[in-house]
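Residue numbers (our numbering): 14 to 431.
The beta-carbon is built from N, C-alpha and C at its ideal position, and this holds for glycine as well.
Written out below as structure tokens is the structure these notes cover.
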Amino acid sequence: MNVTRVVAAALCAALLWIPRAALAQSVGITPGTEAVKPFPPPAWAMYYNLETGTYVKPILGISGGLNLELPRNKKPDGTAEPLERVTTALALAIVGVEGRLHDWATLHLEFRRDAGNYGTSVWEGTVSITSLDNYLRLEHWGFKLAGGIVSDPASMDFFSVHMTDLFMADSLSRTPLLYSGYNRGQGLLAQYEWNGLTAGLFFSAGSPLSTTLSYAFGGNVSGVGSLITVPGRGMENGNPAPGFEFDALCPSLSFDSSHFSARANVQLHWVNLNNRSEEDVGLRGELYRFGVKGKVWQDRIQPFFNLAYRRNDMIDQNTVDPTTLDPKSFQSMVVSGGIDLNLLGASGVGANYAYVRRKQGALDTSEWHYLNFGATYWLVDSVSVSLRYSKLMTFTDGRVADNNPDKDSFFLVLRLVI
14 MNVTRVVAAA
24 LCAALLWIPR
34 AALAQSVGIT
44 PGTEAVKPFP
54 PPAWAMYYNL
64 ETGTYVKPIL
74 GISGGLNLEL
84 PRNKKPDGTA
94 EPLERVTTAL
104 ALAIVGVEGR
114 LHDWATLHLE
124 FRRDAGNYGT
134 SVWEGTVSIT
144 SLDNYLRLEH
154 WGFKLAGGIV
164 SDPASMDFFS
174 VHMTDLFMAD
184 SLSRTPLLYS
194 GYNRGQGLLA
204 QYEWNGLTAG
214 LFFSAGSPLS
224 TTLSYAFGGN
234 VSGVGSLITV
244 PGRGMENGNP
254 APGFEFDALC
264 PSLSFDSSHF
274 SARANVQLHW
284 VNLNNRSEED
294 VGLRGELYRF
304 GVKGKVWQDR
314 IQPFFNLAYR
324 RNDMIDQNTV
334 DPTTLDPKSF
344 QSMVVSGGID
354 LNLLGASGVG
364 ANYAYVRRKQ
374 GALDTSEWHY
384 LNFGATYWLV
394 DSVSVSLRYS
404 KLMTFTDGRV
414 ADNNPDKDSF
424 FLVLRLVI
């Protein structure tokens with residue numbers, strides 16, 4: 014039998030299946046003869062169809078509170094000089110919409126109004142908006158395919174839920190996740206689920222600013238910065254600096270059960286520093302990561318551990334010549350862990366520690382230590398009050414880092430999540 018005809022017939026059947034299945038479900042039956050089973054209604058749904066499971070619901074999140082920051086300027090002799098304290102009233106908001114069409118299509122649109130480094134202005138033209146997950150996902154028979162701005166769940170470290178008071182938008186909670194390979198970007202995510210086991214494959218291609226994976230790609234790519242900072246300079250003119258291309262292919266395997274969860278993820282990176290020229294060298298990189306979380310006493314006690322290792326090529330760091338590779342590669346490692354104690358439902362306390370080590374060729378080794386202690390009390394299902402203490406310590410080759418202040422931060426936050 015002609016292989017081309019077989020493939021064409023299979024594609025035609027697949028294309029015809031979706032609209033026919035949707036039509037059958039719209040009148041309350043499957044493509045067979047059985048009636049559709051009712052779907053449970055989602056919370057806060059603005060529209061819900063009992064027979065098909067079609068719904069539309071808002072996504073709302075608000076965090077408001079105070080942050081007290083106590084920075085210290087460390088000296089080469091190991092002593093620390095306290096700097097002026099910084100007190101900031103914080104305000105973040107997340108808005109969006111989520112929906113499902115029958116049982117085979119899901120949409121998700123989510124945006125965040127950022128707090129900035131030390132608060133944002135209320136005046137026009139000064140607000141900062143971030144695009145979070147924005148995707149359309151098709152699913153059937155355990156298969157899922159999502160396209161748009163998608164987060165790969167297998168790339169996320171396990172962390173303490175009691176440090177999420179600011180939706181992981183502050184540097185003391187977010188930065189270690191980015192270094193360990195958290196992957197949100199414009200691309201396609203394919204998944205297959207079976208008995209708690211999920212196999213995934215993520216692909217993205219485009220500007221380095223279209224993915225979070227470029228943040229921790231090591232080494233300078235020009236005399237003015239790294240793979241994430243150089244394209245960002247062009248945003249002053251409204252568009253990223255042209256010529257850069259960052260491609261990623263990320264297979265993963267995850268498992269979830271009532272006793273533990275585990276995630277393994279491999280990320281393969283390809284960087285083109287100038288896609289309008291053949292003279293520059295291509296850069297390659299890879300990241301390997303693993304995480305595991307235990308679930309003890311009906312999820313009241315949840316210990317977790319994560320490990321990530323990265324290696325990538327660099328151009329010559331002495332000349333910053335895009336046509337010459339550096340003889341030494343960039344390497345980094347992230348180790349994190351902690352525990353959550355949820356003794357009053359979702360309310361409880363948690364601790365999270367992350368160690369980041371980065372080695373850029375022949376340069377000194379840099380180390381960062383991130384420590385978070387948090388406590389959360391949920392007044393009702395959607396409203397909480399949180400307290401958190403965070404600490405950052407930096408070192409260079411075992412000694413205190415030069416011109417990189419440590420800091421202690423205290424957070425008091427009210428939060429609403431719908």
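Check: From D260 to L357, what does the alpha carbon distance come to, in whole angstroms?
Finding: Position 247 of the sequence shown holds residue 260. Position 344 of the sequence shown holds residue 357. For D260 and L357, the distance between alpha carbons rounds to 44 Å.
Check: Exposed or buried, what is P221 when buried is set at 16 or more other beta-carbons lying within 10 Å of its beta-carbon?
Finding: Sequence index remark: in the sequence shown, residue 221 carries index 208 (1-based). Classification for P221: buried.
Check: Do the stretch 159-179 and the stretch 362-371 touch if we need at least three Cβ pairs shorter than 8 Å?
Finding: yes
Check: Helix, strand or coil for T5 per DSSP?
Finding: The displayed coordinates of the chain run from 14 to 431. Any statement about residue 5 would go beyond what the structure contains.
Next item on the list: Specify whether the stretch 92-108 and the stretch 148-161 touch according to this definition: at least 3 beta carbon pairs, one from each stretch, less than 8 Å apart.
Entry: no
Checklist line | Own chain, CB closer than 6 Å to T119, minus 5 neighbours either side, in chain order | finding: Taking the sequence shown and counting its residues from 1, one reaches residue 119 at position 106. Excluding sequence neighbours, T119 sits near R113 and R150.
Next item on the list: Just tell me which of S342, G78 and G74 has its CA closest to the CA of F423.
Entry: If you number the sequence shown from 1, residue 423 lands on position 410. Nearest option by C-alpha distance: G78.
Check: Tell me which same chain residues have a C-beta within less than 8 Å of the C-beta of N287, skipping the five on either side of it?
Finding: As a position in the sequence shown, residue 287 is number 274, starting the count at 1. Excluding positions up to five away in sequence, the list reads G256, F257, D293 and P335.
Next item on the list: Can you tell me which of the three DSSP states A167 falls into?
Entry: The residue you call residue 167 lines up with position 154 of the sequence shown. The answer is helix: DSSP assigns A167 an H, G or I state.
Check: Between D326 and D116, what straight-line distance do the alpha-carbon atoms span, to the nearest angstrom?
Finding: Start at 1 with the first residue of the sequence shown, and residue 326 comes out as number 313. Start at 1 with the first residue of the sequence shown, and residue 116 comes out as number 103. Roughly 44 Å separates the two Cα atoms.
Note to self: Check for me: the beta strand (DSSP E) holding P189 runs from which residue to which?
What the structure shows: Position 176 of the sequence shown holds residue 189. Segment S184 to Y192 is the alpha helix (DSSP H) holding P189; no beta strand (DSSP E) there.
Notebook entry, point to check: When burial is assigned at 16 or more other CB atoms within 10 Å of the CB, is K88 buried or exposed?
Noted result: Stepping through the sequence shown from its first residue, residue 88 is reached at position 75. By the 10 Å Cβ count, K88 comes out exposed.
Checklist line | Three-state secondary structure (DSSP) of V135 | finding: The residue you call residue 135 lines up with position 122 of the sequence shown. Note: V135 maps to coil in three-state DSSP.
Note to self: Taking DSSP's pairing of strands, which residues face H153 in a bridge?
What the structure shows: As a working note, residue 153 is residue 140 in the sequence shown. F156.
Checklist line | Selection from R125, L96, P84 and V163 that minimises the alpha carbon distance to I72 | finding: In the sequence shown, the residue the question calls residue 72 occupies position 59. Minimum Cα distance to I72 is reached at R125.
Notebook entry, point to check: How many Å lie between S182 and K157 at the Cα?
Noted result: Counting from 1 along the sequence shown, the entry for residue 182 is found at position 169. Counting from 1 along the sequence shown, the entry for residue 157 is found at position 144. Inspection of the sequence shows that residue 182 is occupied by Ala rather than by Ser. Looking at the two C-alpha atoms, the distance is approximately 28 Å.
Notebook entry, point to check: How is the beta strand (DSSP E) around L320 delimited, first residue to last?
Noted result: For the purposes of this step, residue 320 is identified with residue 307 of the sequence shown, where counting begins at 1. Start and end: I314 to N325.
Next item on the list: Let me know the secondary structure DSSP gives P264 once reduced to three states.
Entry: Here residue 264 refers to the residue found at position 251 when the sequence shown is read from its first residue. Three-state DSSP puts P264 in a strand.
Check: If you drop the 5 nearest sequence neighbours on each side, which residues of the same chain put their C-beta closer than 6 Å to that of G194?
Finding: Counted from its first residue, the sequence shown places residue 194 at position 181. Counting only Cβ-Cβ distances below 6 Å, and skipping sequence neighbours, we find S168, Q280, L300, R302 and A321.
Item checked: Residues near A26 in its chain [Cβ-Cβ closer than 7 Å; skip 5 each side] -> Reading the sequence shown from its first residue, position 13 is the one you call residue 26. With a pLDDT of 45 at A26, under the threshold of 50, the modelled position of this residue cannot be trusted; read the value that follows with caution. Result list for A26: empty, nothing under 7 Å.
Margin query: Would K70 and F171 be called neighbours here (beta carbons separated by less than 7 Å)?
Written below: The residue given as residue 70 occupies position 57 in the sequence shown. The residue given as residue 171 occupies position 158 in the sequence shown. No; because the gap between Cβ atoms is not below 7 Å, this pair is not in contact.
Next item on the list: Name the one or two DSSP bridge partners that K308 has.
Entry: In the sequence shown, residue 308 corresponds to position 295, counting from 1. DSSP lists no partner for K308.
Notebook entry, point to check: Quick one: what does DSSP say Y195 is sitting in, helix, strand or coil?
Noted result: Along the sequence shown, one-based indexing puts residue 195 at 182. Shown here, Y195 sits in coil according to DSSP, grouped into three states, outside any helix or strand.
Next item on the list: Using three-state DSSP, classify A128 as helix, strand or coil.
Entry: For the purposes of this step, residue 128 is identified with residue 115 of the sequence shown, where counting begins at 1. Coil, per DSSP.
Check: So the beta strand (DSSP E) T389 belongs to, where does it begin and stop?
Finding: For the purposes of this step, residue 389 is taken as residue 376 along the sequence shown, with counting starting at 1. Note, T389: beta strand (DSSP E), T378 to V393.
Check: Just the Cα atoms here: how many angstroms apart are P189 and L405?
Finding: One-based indexing of the sequence shown puts residue 189 at position 176. One-based indexing of the sequence shown puts residue 405 at position 392. One C-alpha to the other measures close to 11 Å.
Margin query: Following a CB-centred definition, is N278 positioned closer than 6 Å to any heavy atom of the ligand GDP?
Written below: The model on display carries no ligand, and the ligand GDP is accordingly not part of it.
Next item on the list: Could you tell me the distance, in whole angstroms, from the CA atom of K372 to the CA atom of S345?
Entry: By 1-based counting over the sequence shown, the position of residue 372 is 359. By 1-based counting over the sequence shown, the position of residue 345 is 332. K372 and S345: Cα-Cα distance of roughly 6 Å.
Notebook entry, point to check: A203 and G213 look like a contact to me (Cβ under 8 Å); what is the Cβ gap, rounded to whole Å?
Noted result: Along the sequence shown, read from residue 1 onward, the residue named residue 203 stands at position 190. Along the sequence shown, read from residue 1 onward, the residue named residue 213 stands at position 200. Taking C-beta atoms under 8 Å as the contact rule, A203 and G213 qualify, at a distance of about 7 Å.
Check: In its own chain, which residues sit with a C-beta less than 6 Å from the C-beta of V284, not counting the 5 before and 5 after it?
Finding: Walking along the sequence shown from the start, residue 284 turns up at place 271. Excluding positions up to five away in sequence, the list reads F259 and L296.
Notebook entry, point to check: Given that a residue counts as buried once 16 or more other Cβ atoms are within 10 Å of its Cβ, and exposed if not, what is V49?
Noted result: Here the question's residue 49 lines up with position 36 in the sequence shown. Summary for V49: the model assigns pLDDT 41, below 50, so the residue's position carries little reliability; its value from the coordinates is reported in the next sentence. It counts as buried.
Checklist line | 7 Å Cβ cutoff, N325 in contact with chain D | finding: In the displayed structure, chain D is absent; only one protein chain is listed.
Check: Should E123 be labelled buried (16 or more other beta-carbon atoms within 10 Å of its own) or exposed?
Finding: Here residue 123 is taken as the residue at index 110 of the sequence shown, counted from 1. The residue is buried, with at least 16 neighbouring Cβ atoms inside 10 Å.
Next item on the list: List the whole-angstrom C-beta distance separating L354 from R313, where the pair is believed to meet the contact cut-off of C-beta under 8 Å.
Entry: Along the sequence shown, read from residue 1 onward, the residue named residue 354 stands at position 341. Along the sequence shown, read from residue 1 onward, the residue named residue 313 stands at position 300. That pair is a contact at about 7 Å.
Check: Buried or exposed: V140, going by 16 or more other Cβ atoms within 10 Å of its Cβ?
Finding: Translated into the one-based positions of the sequence shown, residue 140 becomes position 127. Counting Cβ neighbours within 10 Å, V140 comes out exposed, since fewer than 16 surround it.
Check: How should R401 be labelled, buried or exposed, when 16 other C-beta atoms within 10 angstroms of its C-beta is the threshold for buried?
Finding: Reading the sequence shown from its first residue, position 388 is the one you call residue 401. That one is buried.
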